[in-house]
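Below is one structure, written out as structure tokens, with a few remarks after it.
2 protein chains.
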Amino acid sequence: MKLDEKFKVLDAGNAPGQEVRQDIGDLNTVMRGEKFDGVPVDFSHGDVDAFPPTPGSDVAWNDGFSKGASQAYTEYRGAAEIRIELADRLSIFTGSVIDANSELIITPGTQGALFLAIGATVTNGTKVAVVEPDYFANRKLVKFFGGEVVPIPLNYEGSSSENGPDLNRIEAAFKNETEVFVFSTPNNPTGVVYSASTITKISELAATHNVTVIVDELYSRMLYSGENYTHLRSCSTQPKNIITIMGPSKTESLSGFRLGVGFGTSKLIERMERLQAIVSLRAPGYNQAALNTWFQEPLGWMENRIQKHEAIRDELLTIFRSANLHTASPQAGSYLFPQLPPLNVDLSTFVRLLRLQANVIVTPGSEFDPACNDRIRLNFSQDHVSAIAAVKRIVKMIEIYSI
Amino acid sequence: MKLDEKFKVLDAGNAPGQEVRQDIGDLNTVMRGEKFDGVPVDFSHGDVDAFPPTPGSDVAWNDGFSKGASQAYTEYRGAAEIRIELADRLSIFTGSVIDANSELIITPGTQGALFLAIGATVTNGTKVAVVEPDYFANRKLVKFFGGEVVPIPLNYEGSSSENGPDLNRIEAAFKNETEVFVFSTPNNPTGVVYSASTITKISELAATHNVTVIVDELYSRMLYSGENYTHLRSCSTQPKNIITIMGPSKTESLSGFRLGVGFGTSKLIERMERLQAIVSLRAPGYNQAALNTWFQEPLGWMENRIQKHEAIRDELLTIFRSANLHTASPQAGSYLFPQLPPLNVDLSTFVRLLRLQANVIVTPGSEFDPACNDRIRLNFSQDHVSAIAAVKRIVKMIEIYSI
Chain A
0 MKLDEKFKVL
10 DAGNAPGQEV
20 RQDIGDLNTV
30 MRGEKFDGVP
40 VDFSHGDVDA
50 FPPTPGSDVA
60 WNDGFSKGAS
70 QAYTEYRGAA
80 EIRIELADRL
90 SIFTGSVIDA
100 NSELIITPGT
110 QGALFLAIGA
120 TVTNGTKVAV
130 VEPDYFANRK
140 LVKFFGGEVV
150 PIPLNYEGSS
160 SENGPDLNRI
170 EAAFKNETEV
180 FVFSTPNNPT
190 GVVYSASTIT
200 KISELAATHN
210 VTVIVDELYS
220 RMLYSGENYT
230 HLRSCSTQPK
240 NIITIMGPSK
250 TESLSGFRLG
260 VGFGTSKLIE
270 RMERLQAIVS
280 LRAPGYNQAA
290 LNTWFQEPLG
300 WMENRIQKHE
310 AIRDELLTIF
320 RSANLHTASP
330 QAGSYLFPQL
340 PPLNVDLSTF
350 VRLLRLQANV
360 IVTPGSEFDP
370 ACNDRIRLNF
380 SQDHVSAIAA
390 VKRIVKMIEI
400 YSI
Chain B
0 MKLDEKFKVL
10 DAGNAPGQEV
20 RQDIGDLNTV
30 MRGEKFDGVP
40 VDFSHGDVDA
50 FPPTPGSDVA
60 WNDGFSKGAS
70 QAYTEYRGAA
80 EIRIELADRL
90 SIFTGSVIDA
100 NSELIITPGT
110 QGALFLAIGA
120 TVTNGTKVAV
130 VEPDYFANRK
140 LVKFFGGEVV
150 PIPLNYEGSS
160 SENGPDLNRI
170 EAAFKNETEV
180 FVFSTPNNPT
190 GVVYSASTIT
200 KISELAATHN
210 VTVIVDELYS
220 RMLYSGENYT
230 HLRSCSTQPK
240 NIITIMGPSK
250 TESLSGFRLG
260 VGFGTSKLIE
270 RMERLQAIVS
280 LRAPGYNQAA
290 LNTWFQEPLG
300 WMENRIQKHE
310 AIRDELLTIF
320 RSANLHTASP
330 QAGSYLFPQL
340 PPLNVDLSTF
350 VRLLRLQANV
360 IVTPGSEFDP
370 ACNDRIRLNF
380 SQDHVSAIAA
390 VKRIVKMIEI
400 YSI
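These protein sequence lines are chains A and B, in that order.
All the letters of the first sequence, read from the start, carry residue numbers 0 to 402 under numbering that gives the first Met the number 0.
All the letters of the second sequence, read from the start, carry residue numbers 0 to 402 under numbering that gives the first Met the number 0.
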């Protein structure tokens with residue numbers, strides 16, 4: 000693949016957080032009516048001012064800085080004493096023992112873990128099953144490393160028992176030379192949590208057909224009332240190669256620290272470390288110390304954070320549904336993925352109009368699934384009052400631009 | 000290339016900082032004599048306790064943390080206001096104007112900048128001229144992206160007017176389909192600074208043959224008495240595509256922050272940002288704030304730091320030379336690259352013996368040039384007294400294991 004093509008695949012112009020680089024262009028000629036008043040809300044990512052970082056995370060950073068050389072220069076896979084404690088806590092959380100020495104790597108964000116995991120398993124011609132919709136980087140990464148995307152449809156508009164990936168398509172893919180399966184659960188952007196039976200089935204199929212599984216569990220702690228979560232790595236039948244990735248960037252609001260982890264099959268962790276050695280050497284040394292706050296937040300802090308997100312979720316769902324806009328209810332995480340009615344403008348223009356006219360930033364659904372060009376994604380980890388007002392503006396904008 | 004081969008190229012077992020993962024094995028059977036007393040010295044990287052981070056860098060981080068959301072989520076290429084100020088200072092330092100909006104990206108360390116620059120310019124079959132010896136990741140990165148290494152010998156044992164890369168070989172490579180040239184000046188591991196005439200010639204040859212140049216100037220601020228430095232980007236004849244990379248990890252001891260920059264041709268910076276979007280999104284947001292201390296250190300601080308390194312350099316050179324060990328004098332940076340006499344053990348064993356018996360960690364020369372299996376690299380950015388004592392132990396070890 001020529002470099003120009005290779006980088007065309009990686010177009011980041013509509014990626015969350017990059018809106019500031021977009022040319023607003025001559026939108027004034029298509030804009031209908033006046034600009035709206037209202038506090039700007041950037042739904043492309045969570046607002047860490049509304050939901051601040053874990054208490055003590057900055058103190059932990061300063062402790063790390065004070066430790067000096069030993070914290071600045073860690074092993075590429077991360078400081079041993081931090082990995083040891085973290086492996087313990089993640090073993091308990093995921094229901095299966097992790098060896099701190101050989102089965103865990105600290106990475107620059109969960110994005111970093113995903114990059115390393117895909118880089119360690121995908122090369123020219125590797126067939127990779129990718130769920131649609133799913134986190135936008137999955138597809139881009141597979142293509143960047145020369146792999147071939149095998150799409151797996153996700154059902155996300157039914158009840159939670161009906162939702163999930165198409166298991167028949169997964170089995171067909173696995174039987175047809177697919178070597179790697181990458182997916183997120185809770186799913187980004189829909190908030191679907193794969194059920195225990197789905198996870199068990201995936202694990203069994205991967206074991207049978209020797210498929211490497213990369214499971215992105217970034218949102219697995221933000222689980223709403225009545226929901227259950229199953230970690231693939233705790234299933235009784237295990238695939239030979241499995242990497243789980245997580246990080247404290249979302250629920251814990253530590254995105255500004257760029258910390259994540261990958262854990263699982265030691266051979267793959269070894270490869271991920273070799274790749275990390277040429278990518279960025281290590282996650283920032285001092286920052287790694289903030290992982291000491293992870294999975295040991297103050298008592299009640301996590302429950303409170305989840306409760307507040309659930310309240311926002313419920314109110315936003317009510318607003319969308321009152322306007323007859325179909326929006327599945329996320330079981331976990333902080334994303335809504337509402338469907339838009341037919342509009343007079345294309346999705347890209349509508350998203351830019353939202354920014355120009357309504358002071359609202361959202362991410363086009365097509366970032367997550369090429370077919371989802373009638374959806375937008377909102378990260379509702381925002382100030383409650385501002386989020387409500389902003390979603391009301393979105394609803395008005397949809398009314399204005401509806402056919 | 001199969002994944003196993005691809006990752007064999009990336010073997011990081013002897014990489015600086017990874018020594019702790021090495022198996023010391025049955026070295027006791029080849030060890031001669033007793034273990035030495037003495038403070039352990041890790042010459043594989045600088046000691047940021049001996050030369051601490053730039054004053055105020057931790058305060059800058061805390062300021063960044065206090066800024067909250069706007070500092071946590073920056074554009075992928077880094078916070079605009081930090082880029083604007085940095086572009087000004089780097090323009091002055093390098094003698095050529097940098098546009099902050101389109102020509103500069105903030106990366107996770109200089110390693111990150113190198114990874115992105117090579118990833119943006121090298122794909123399957125790209126011929127890349129690589130100097131030998133040079134920074135060990137250059138070769139690994141080219142191979143990882145599927146490129147073909149075209150070796151360029153470096154003269155580093157003569158006078159500073161004789162030293163430098165073989166320009167005839169560079170010209171021959173450029174005439175023979177080489178598309179990219181990557182090199183460091185000051186050179187890592189030898190400390191050779193490419194002369195003004197060499198840099199001018201490289202720039203002209205690259206312009207004539209349309210070769211993309213990636214110049215690693217990581218050590219360009221640590222310039223010893225009487226030395227001059229020429230930035231390729233300030234030459235009057237410019238190649239169409241050029242990226243300069245730098246960072247505050249070495250002279251400024253900010254390695255624990257993982258910060259670097261790449262600047263140059265906007266089309267390549269755009270590609271680097273797209274790649275960063277799938278690698279780690281951005282350099283850690285709060286950490287980026289520490290770049291506000293870069294190139295505006297307290298008055299006299301840099302001069303003092305250079306002077307102290309020069310004093311260590313001179314004393315270590317005297318010790319090596321008194322023992323008849325050939326060691327070129329670095330013009331810049333903090334590396335020594337002494338040649339060893341024939342030994343009774345191979346280089347890898349000797350390096351592990353140094354660690355076990357003499358409490359000294361060094362990096363084998365073969366990491367920098369496959370042919371340099373009779374050299375070791377020392378980063379002498381260490382406590383002065385401990386470094387002297389440790390180098391005396393190295394000299395004794397060489398005596399013990401000499402044939």
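Built from N, CA and C at the ideal position, the CB exists for glycine as well.
- Along the stretch 98-123 of chain B, the alpha helix (DSSP H) occurs as fully enclosed runs of 4 or more residues at 108-118, listed in sequence order.
- For B:D10, the chain A residues whose C-beta falls within less than 8 Å of its own C-beta are R273, listed in chain order.
- Assigned with DSSP and collapsed to three states, B:S183 falls in strand.
- The way I'd put it, the stretch 383-398 of chain A does touch the stretch 311-331 of chain A; three or more beta-carbon pairs between them come closer than 8 Å.
- By the C-beta density criterion, A:L377 is buried, having at least 16 other C-beta atoms within 10 angstroms.
- When rounded, the separation of the alpha-carbon atoms in B:Y228 and B:V361 is 28 Å.
- The residue from B:R76, B:L140, B:G118 and B:V40 with its alpha-carbon nearest to that of B:A11 is B:L140.
- The DSSP-derived three-state label of B:Y400 is helix.
- With its beta carbon less than 9 Å from one in chain B, A:K139 belongs to the interface.
- Of the candidates A:V359, A:L352, A:I305 and A:G261, A:I305 places its Cα closest to the Cα of A:F50.
- Taking A:P54 as the centre and dropping the five residues before and after it, the same chain places the C-beta of T292, E296, P297 and W300 closer than 8 Å to its C-beta, in chain order.
- Of B:K34, B:V38, B:M30 and B:R20, the smallest CA-CA separation from B:A388 is found for B:V38.
- Neighbours of B:F6 in chain A, taken as residues at a C-beta separation under 9 Å, are given in chain order as A119, E269, R270, R273 and L274.
- For B:W293, there are no C-beta contacts with chain A under 9 Å, since the nearest C-beta of that chain is about 16 Å from it.
- Per DSSP, B:M245 is not a residue of any alpha helix (DSSP H); the beta strand (DSSP E) it occupies stretches across I241 to M245.
- Taking a C-beta cut-off of 7 Å against chain A, none of the residues of the stretch 169-183 of chain B qualify.
- For the stretch 85-117 of chain B, the beta-carbon criterion of a distance under 7 Å to any beta-carbon of chain A is satisfied by P107, G108, Q110, G111 and F114.
- Contact with chain B is found for A:D48, since one of that chain's Cβ atoms lies less than 9 Å from the residue's Cβ.
- The three-state reading of DSSP puts A:N175 in coil, since its state is none of H, G, I, E or B.
- B:R376 sits in a strand when the DSSP states are folded into three classes.
- Between B:L324 and B:I399, the C-beta gap is not smaller than 9 Å, which leaves the two residues out of contact.
- A:I242 is a Cβ neighbour of A:G261, given a cutoff of 9 Å.
- The C-beta distance from B:Y75 to B:L280 rounds to 6 Å, short enough to meet the 8 Å contact threshold.
- Under the 10 Å beta carbon count, B:T106 is surrounded by 16 or more other beta carbons and is classified as buried.
- Following the DSSP letters along the chain, one finds B:E302 inside the alpha helix (DSSP H) bounded by residues W300 to S321.
- In the DSSP assignment, A:Y334 is bridged to A:N378.
- Residue environment analysis places A:R31 among the exposed positions, since fewer than 16 neighbouring C-beta atoms fall within 10 angstroms of its C-beta.
- Fewer than three pairs of CB atoms, one per stretch, sit closer than 8 Å, so the stretch 322-342 of chain B makes no contact with the stretch 115-127 of chain B.
- With a contact defined as Cβ atoms closer than 8 Å, B:D57 and A:F173 miss out at about 50 Å.
- Interface annotation, B:A136: in contact with chain A, CB-CB separation under 9 Å.
- Within the DSSP secondary-structure output, A:K249 pairs in no beta bridge.
- Rounded to the nearest whole angstrom, the CA to CA distance from A:F144 to A:F367 is 19 Å.
- Against chain A, the CB of B:D62 has no partner CB under 9 Å away; the residue lies outside that interface.
- At least one beta carbon of chain A lies nearer than 9 Å to the beta carbon of B:N123.
- The Cβ of A:H44 sits closer than 9 Å to at least one Cβ of chain B.
- Taking 7 Å as the upper bound on Cβ-Cβ separation, chain B lies near residues S254, G255, F256 and R257 of the stretch 240-263 of chain A.
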